[in-house]
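Residue numbers (this note's numbering), protein chains in the order written: chain F, 414 to 637; chain L, 414 to 637.
There are 2 protein chains.
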Amino acid sequence: MITAAHSSFIQRVHLFNGLQQQQFDSVLQHCKIMSLQKDDVLFSQGDMMSHFYLIYSGLVKLYRLSADGQEKVIEIVTPGQTFAEALMFLDRPDYPVSATALNASEVIVFESSSFLKMLAQSTDTCFTLLGQMSQRIRGLVQEIDNLSVQNGRHRLSSYLLDQAGESSHIRLPIPKAVLASRLSIQPETFSRIIKQLKSVQAIQVDGSEIEILDREQLEEYAMV
Amino acid sequence: MITAAHSSFIQRVHLFNGLQQQQFDSVLQHCKIMSLQKDDVLFSQGDMMSHFYLIYSGLVKLYRLSADGQEKVIEIVTPGQTFAEALMFLDRPDYPVSATALNASEVIVFESSSFLKMLAQSTDTCFTLLGQMSQRIRGLVQEIDNLSVQNGRHRLSSYLLDQAGESSHIRLPIPKAVLASRLSIQPETFSRIIKQLKSVQAIQVDGSEIEILDREQLEEYAMV
DNA sequence: TGAATTTTTTGATTTCAATCAAAGCCTGAG
DNA sequence: CTCAGGCTTTGATTGAAATCAAAAAATTCA
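In structure tokens, the structure reads:
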């Protein structure tokens, strides 16, 4: 059941900003709330796609499984973020990743067929979507660059700086092994890089709580 | 100068398929032909973006330079392909890659501001663009997966099978070092993988001419 | 609370690919 | 035809991270 809280949450999401009241109402009519327990699978790689999603609360990981069962986390999706919406525009869309809740989560599920109909009436929203996808492409290109020419320490340092923002404190929202996969490193290597960052006094760690001690040092590692 | 040949070439490109005659004419009025010599730089990473491009003939490489001068080729663009069009929808768009002609090339240059105006009138073309960008995203995700969980031999084998298609013959259109960078491997490693593929009789090589001898074997390598 | 499970860390070793160095090889300009 | 300068290959070595194995720490839950 969609509550007023959900509705105003949806309204504040960028993708839905440009909609007129009537269009927004139509969107509301074609969405539903879904509650997920930790480890619930929302969809699997290869499934036909008919809906897209917005996280209301919790965390969802998007990942690919290789034939030998190895899991590569492509993205961790957080509240306010939509995902799988790009697939709407493909002919025979199937999910290129699997999605699993990392903890108890609420996601809002949108019917893509009805959203598409509405979209044909809203050039504004088309442009919003084009902009969003463009940024996504940019991020992925950046990521490919990182993977090709940078090492694990670089990726982890960048991640820490990015998460910290202004603050110097970070609480890792996910298990270290999941973050490791997101950064394309093995858990053991992750642990060793953390150890090294501690040994040069760049950070201080207590479980999932990380304190940045020497920002310059981290920026050094995150550079080139 | 836009010739009739150029015009009909443009018309056959997917992106422009859904345009009405009048819209198409407006597009034609706001584009120009540009001739590039080998190694001419079309734009550099960080430049402000105001145009997007369609290759008419030749080849253009899109790549990123790291601070230490290392070059990572993100994509090789071929005739009929557009590039940089995704940037139109960003607020302050700057090119995330550099573009250089790999040989004498002709590219068609479109003014993004006028294209955007026209686009607001053509929902069809918006959808085409959304579809194209969606596919691009899918390809990039695939690429990230390849880089994270697969090795160089996998990537090279996949590339060969992909290039070959039905045929069993491939002519490499670009220097091996450029292809190596595209596949995120060093030229030396590239050469060694080729050597290995020859040694197991999977392929036969004469300069840039490659013959696939044992497709099954290559598929084996390209798998998982 | 305490056993059981999961997560994280540490240690030893291996592996794939990068790097450094140099030799062949082509190609195209003179 | 030939020689200079770019590609490409080969060889030797190094290095970063994966893998294998196991201990330690943290969590869960009975």
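For glycine and all other residues, C-beta sits at the position ideal for the given N, C-alpha and C. Everything numeric in this text was worked out from a predicted model, so none of it was measured.
Can a CB atom of chain L be found closer than 9 Å to the CB of F/Phe-540? Closer than 9 Å: yes.
According to the Cβ coordinates, are L/Arg-549 and F/Pro-509 closer than 9 Å? No, the pair does not count as a contact, with Cβ atoms beyond the cut-off.
L/Thr-602, DSSP secondary structure in three states: Helix.
For the putative contact between F/Pro-468 and F/Val-520, defined by C-beta atoms under 8 Å, what is the C-beta separation to the nearest angstrom? For clarity, residue 468 of chain F is Ile in the given sequence; the question names Pro instead. Between F/Val-520 and F/Ile-468 the Cβ distance is about 5 Å, and since that is below 8 Å, they are a contact.
Give a yes or no on whether the minimum CB-CB distance between L/Val-490 and chain F is below 9 Å. Taking Cβ atoms only, chain F never reaches closer than 9 Å to L/Val-490, which makes this a no.
Which residue comes first and which comes last in the alpha helix (DSSP H) that contains F/Val-618? Judged by DSSP secondary structure, F/Val-618 falls outside any alpha helix (DSSP H) and instead within the beta strand (DSSP E) spanning 616-619.
Neighbour flag for F/Val-618 against chain L, beta carbons, 9 Å: F/Val-618 has a beta carbon lying at 9 Å or more from every beta carbon in chain L.
Anything in chain L within Cβ reach of F/Phe-502, meaning under 7 Å, just list it in chain order. Here the neighbours are Phe-540, Leu-543, Gly-544, Ser-547.
Interface residues of chain L facing F/Asp-558 [CB-CB closer than 8 Å]: Here the neighbours are Arg-477, Ser-479, Lys-485, Ile-487.
Short-range partners of chain L found in the segment 561-579 of chain F, where Cβ spacing is below 9 Å: Residues Ser-561, Val-562, Gln-563.
Tell me which residues of the segment 587-599 of chain L have at least one Cβ-Cβ distance to chain F shorter than 8 Å, keeping chain order. Taking 8 Å as the upper bound on Cβ-Cβ separation, chain F lies near residues Ser-597 of the segment 587-599 of chain L.
Please list the terminal residues of the continuous beta strand (DSSP E) segment that includes L/Met-514. In the sequence as displayed, the identity of residue 514 of chain L is Ala instead of Met. Its beta strand (DSSP E) spans residues 511-514.
Any Cβ of chain F within less than 9 Å of the Cβ of L/Arg-551? Contacts with chain F at 9 Å (Cβ-Cβ) include L/Arg-551.
Tell me whether F/Gly-471 is buried or exposed, calling it buried when 16 or more other Cβ atoms sit within 10 Å of its Cβ. By the beta-carbon neighbour count (other beta carbons within 10 angstroms, threshold 16), F/Gly-471 is buried.
Helix, strand or coil: how does DSSP classify F/Glu-633 here? Helix.
Report yes if the CB atom of L/Ala-517 is closer than 9 Å to the CB atom of L/Val-490, and no otherwise. No, the pair does not count as a contact, with Cβ atoms beyond the cut-off.
Shorter than 8 Å, the distance from the beta carbon of L/His-443 to the closest heavy atom of the ligand FMN, or not? No copy of the ligand FMN occurs in the structure displayed, which carries no ligand at all.
Threshold first: 3 residues or longer. Then list the beta strand (DSSP E) segments lying entirely within the segment 426-507 of chain L, N to C. Listed in chain order, they are 444-449, 454-456, 464-470, 473-478, 484-490.
Below 6 Å CB to CB, which residues in the same chain sit around F/Lys-474 once its five sequence neighbours on both sides are set aside? Contacts found: Val-486, Ile-489, Thr-513, Leu-515.
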